[in-house]
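Everything on this sheet refers to the single structure shown next.
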Ligand code: SAH
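Residue numbers (the numbering used here): 406 to 861.
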């Protein structure tokens, strides 16, 4: 309660914010509230103020939205990971298309047609990557969970409605082994203990599972026994990696890694190709939607056999490798060395020869390409949440690929970047995908075409 006395206000929820919070209005007061939906009326307790905005909790509802449903997960109120568990799936999808349209208007000052958001048939248990901090209560019981919003307090989670169900049993076994083998969870306040986080990656089609134990120290007592007891109890685990992170940091993974069991990576299939995925490489978290998204990205690119394709922010090379069979040549660039090594291996394992991958900053690479006046016909770009930058975008405007397919996980930076490209590019389509059901996040594919085609 930062500098204010809690106050109960009567009013109406009029909208949903960018973060998926209810926008509650009481006279001239506006409060952002989790789990309140447009049209609902009732009492809200304003609890704290951050960056000038008021945040609160629902106390009681006198009018309930027809879109309100009962949540699948009992702790969705305290965990904060899934703000939309109580909102019908149809309303979630509508919110996401609207959010994209609004960001284009607000940030990009553009009116664009946004297609309906592509959703899932079963929008639960879709996540193929789970990372949880570990803790220990006063009785010595080990738990794991998610950090409560804006804190480092762990909300214990036994089952999660959006993670792959195979991970639940593995986490239970790890908790049990930590207790019986005295592998203590790391207690942040006391700066003591061994196990900080556990990361689990599951492959959807190839049924492999990677467990990454993030520890404070390089070696810990009974490490060998721990791993053999775990893999014996959960034979579906195909590899166990130890990641050492001894720093006082919010970043989950440290630099150093050691393979304790199996190959040290997993493999999964997407769009008919097979991919190697290491612990540190980025890989889309929802395999069902990813296949739909990649197919839409390929369609938007209208690739021909003569095209030279550039895939920027390429991760383990997924988009570029899928594009390779439809075009002449693919170049891709990615910053994380482990992902680039995976990408090079992925080209070999899929026998793709018209593909090369570089480990570099995408902007520096693009600037160099523009300076050398290289030919690019189609550009795929899939930057992280903060979007691209002006060096990259200026180089893009100089290179003038005929088509740009922009894949984004943040509609606000997407709108900013697309708006910058408007002078030379026309927006052909804006297609949101529900990569993250039950949350407020949305993934979008925007297809752009060069306005004046007299480039050569
Ligand atoms: N296209 C891939 C990855 C998208 S995620 C896929 O669909 O799986 C964004 C990727 O951009 C991550 O792999 C991240 O490591 C990479 N990245 C982040 N900043 C970068 C930069 N400045 N230059 C190049 N790659 C970057």
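No residue lacks a Cβ here, since even glycine has one placed at the ideal position from N, Cα and C.
Can you tell me which of the options puts its alpha carbon nearest to the alpha carbon of residue i?
i, options, result
"residue 484", "496, 558 and 533", "558"
"residue 835", "718, 502, 601 and 751", "502"
"residue 493", "842, 509, 846 and 849", "842"
"residue 655", "825, 808, 538 and 838", "538"
"residue 822", "438, 792, 808 and 831", "792"
"residue 759", "743, 736 and 747", "736"
"residue 522", "514, 584 and 497", "497"
"residue 451", "411, 424, 429 and 416", "411"
"residue 592", "415, 783, 540 and 699", "540"
"residue 667", "614, 845 and 528", "614"
"residue 817", "831, 565 and 837", "837"
"residue 724", "775, 766, 771 and 674", "674"
"residue 543", "584, 425, 617 and 732", "584"
"residue 803", "790, 810 and 771", "771"
"residue 530", "553, 692 and 430", "692"
"residue 455", "679, 555, 717 and 639", "555"
"residue 809", "705, 636 and 595", "705"
"residue 471", "696, 495, 453 and 488", "495"
"residue 620", "594, 716, 595 and 657", "657"
"residue 535", "545, 546 and 616", "616"
"residue 525", "773, 732 and 697", "697"
"residue 565", "775, 849 and 482", "482"
Buried or exposed for residue i, going by 16 or more other Cβ atoms inside 10 Å?
i, result
"residue 421", "buried"
"residue 709", "exposed"
"residue 602", "buried"
"residue 644", "buried"
"residue 458", "exposed"
"residue 572", "buried"
"residue 610", "exposed"
"residue 533", "buried"
"residue 475", "exposed"
"residue 664", "exposed"
"residue 795", "exposed"
"residue 788", "buried"
"residue 413", "exposed"
"residue 425", "buried"
"residue 769", "exposed"
"residue 748", "buried"
I need the straight-line Cα distance from residue i to residue j, nearest angstrom please.
i, j, result
"residue 860", "residue 829", "Bear in mind that the predicted position of residue 860 carries a pLDDT of just 48, short of 50, making it unreliable; the figure below should be weighed with that in mind. For residue 860 and residue 829, the distance between alpha carbons rounds to 11 Å."
"residue 719", "residue 548", "36 Å"
"residue 824", "residue 703", "22 Å"
"residue 588", "residue 820", "47 Å"
"residue 847", "residue 505", "8 Å"
"residue 624", "residue 581", "20 Å"
"residue 714", "residue 807", "10 Å"
"residue 729", "residue 604", "32 Å"
"residue 612", "residue 634", "20 Å"
"residue 478", "residue 528", "13 Å"
"residue 586", "residue 627", "7 Å"
"residue 441", "residue 762", "46 Å"
"residue 676", "residue 590", "39 Å"
"residue 712", "residue 784", "10 Å"
"residue 499", "residue 480", "25 Å"
"residue 827", "residue 512", "13 Å"
"residue 509", "residue 845", "17 Å"
"residue 856", "residue 813", "22 Å"
"residue 766", "residue 595", "38 Å"
"residue 546", "residue 699", "43 Å"
"residue 418", "residue 433", "13 Å"
Just checking my contact of residue i with residue j at CB under 8 Å: how many whole Å lie between their CB atoms?
i, j, result
"residue 473", "residue 491", "6 Å"
"residue 833", "residue 853", "6 Å"
"residue 438", "residue 461", "5 Å"
"residue 551", "residue 486", "5 Å"
"residue 746", "residue 671", "Wrong, their Cβ atoms sit about 15 Å apart, outside the cutoff."
"residue 721", "residue 661", "Incorrect: roughly 21 Å between the Cβ atoms, too far for contact."
"residue 726", "residue 798", "Between residue 798 and residue 726 the Cβ distance is about 25 Å, and since that is not below 8 Å, they are no contact."
"residue 436", "residue 449", "5 Å"
"residue 786", "residue 689", "At roughly 15 Å, the Cβ-Cβ gap does not stay under 8 Å, so residue 786 and residue 689 are not in contact."
_Three CB pairs or more closer than 8 Å across the region 439 to 446 and the region 463 to 475_ = yes
*Evaluate the contact criterion for the region 749 to 757 versus the region 765 to 781: three or more CB pairs, one atom per stretch, below 8 Å.*
no
_Using 8 Å as the cut-off, can you tell me whether the region 567 to 584 makes contact with the region 646 to 665, which would need three or more C-beta pairs spanning the two stretches below that distance?_
no
*Cβ contact check for the region 739 to 751 and the region 674 to 688: 3 or more pairs under 8 Å*: yes
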